[in-house]
Amino acid sequence: MGSEHHTVSITADRTALTDPARLAAVRRYEILDAPTDGQFDTIAAAAAAVCGTPIATVSIVDADRVWFAAAQGLDGVAQVGTEPGLCASAFCAEGPYVVNDAVTDPRTLDHPLVRGELGLRFYAAAPIVTADGHHLGTVTAIDATPRELTEAQSSALGHLADQVAQHLELRLATIKAVRAERQLRDDAEQRAAAAAELAAQMRAAAAVQATTPHPEHCQLGGTAGCTAPAELKIADSWGDSAWGCTTHVEEAIINVRSVFIASEELGGLAAYLNR
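All the letters of the sequence shown, read from the start, carry residue numbers 1 to 275 under full-length UniProt numbering.
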């Protein structure tokens, strides 16, 4: 029964690892392989201090690796594999995941971190869970000596994992704000470039049309009328044309897609297309 349960657990872990919605949540925070900012280092140090262990990590679990956003006591180690039993199982738990002695626990006795040089014996982790329920990774305390985790220590690990989730939300908000600002700046630059191009076209057209017979005043002022000098002729896709001042011509071209600057011989779009 124990072996069967362990096999089912491994299958569930692999399913959780590769869940597309979860992986999309991991990627939206753009945290994988990002330079450390110190906040996760502080959380890892706090986890080690609370649990009295020489090693603690803040891990983000990808589909094929466990990446350390912070690692206390694991100098030079940036990531490990997704073998079941430790991080790759703990991240999808609904609460604390504790291994008191890894060499006797069937979940972990064959794990490389247990059988290898690290000689892991004690492992305690709290899952990092987003507000919309996606499990991203863990805050973990590790030791090469078997030990027990107290209720207070377990609670503290959970609070530290919550802090990581909150920090990730702040990170996401910052990413969105920076991109929105960049988009606004790009839009403004594009509008400025388009306005400059239109102004140049209007100046060139006004110079050409200056000697063409045209009404004295702008015809684009609507019911209120406009007494500004008529300088440019515009036409639309319906074949209508009119003379206007530079202000009203620019307004018409910007606000009505089908309006364009007419050359001196044009009465409308048909003539424009067949000139």
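Quick reminder that beta carbons are idealized off the backbone N, C-alpha and C, glycines included. Being a predicted model, the structure only gives us computed values, none of them experimental.
Three-pair Cβ contact test at 8 Å for the segment 105 to 120 versus the segment 148 to 162
Segments in contact, no.
Within a Cβ cutoff of 7 Å, which residues of the same chain sit near Y29, ignoring the five residues on either side of it in sequence?
These residues qualify, in order along the chain: L168, R171 and L172.
When you compare each of R27, A71, P229 and A144 to H135 by their alpha carbons, which one comes out closest?
The shortest C-alpha separation from H135 is found at R27.
Please determine if the segment 175 to 192 and the segment 50 to 66 are in contact, where contact requires at least 3 C-beta pairs separated by less than 8 Å.
Taking 8 Å as the limit for Cβ pairs, the verdict is that the segment 50 to 66 does not touch the segment 175 to 192.
Buried or exposed, going by whether 16 or more other CB atoms sit within 10 Å of the CB of V58?
Here V58 is buried: its Cβ has 16 or more other Cβ atoms, across all protein chains shown, within 10 Å.
Along the alpha helix (DSSP H) that carries H135, what are the first and last residues, could you check?
According to the DSSP assignment, H135 belongs to no alpha helix (DSSP H) but to the beta strand (DSSP E) extending over H135 to D143.
CB of I142 within 9 Å of CB of V164, strictly:
No, the pair does not count as a contact, with Cβ atoms beyond the cut-off.
Taking all protein chains shown into account, decide if residue 363 is buried (16 or more other Cβ within 10 angstroms of its Cβ) or exposed.
Residue 363 is absent from the model: the chain starts at 1 and stops at 275.
Within 10 angstroms of its Cβ, does K176 collect 16 or more other Cβ (buried), or is it exposed?
That one is exposed.
So what's P112 in DSSP terms, helix, strand or just coil?
Per DSSP, reduced to three states, the secondary structure at P112 is helical.
For the alpha helix (DSSP H) containing P20, name the first residue and the last one.
P20 -> alpha helix (DSSP H) spans P20 to R28.
Suppose you measure from the CA of A56 to the CA of A188; what does that come to, to the nearest Å?
Computed Cα separation, rounded: 47 Å.
Could you compute how far the alpha carbon of D162 sits from the alpha carbon of W67?
The alpha-carbon of D162 is positioned some 18 Å away from that of W67.
Can you give me the C-alpha to C-alpha distance between K233 and P20, rounded to a whole angstrom?
Each residue's Cα considered, the two are about 57 Å apart.
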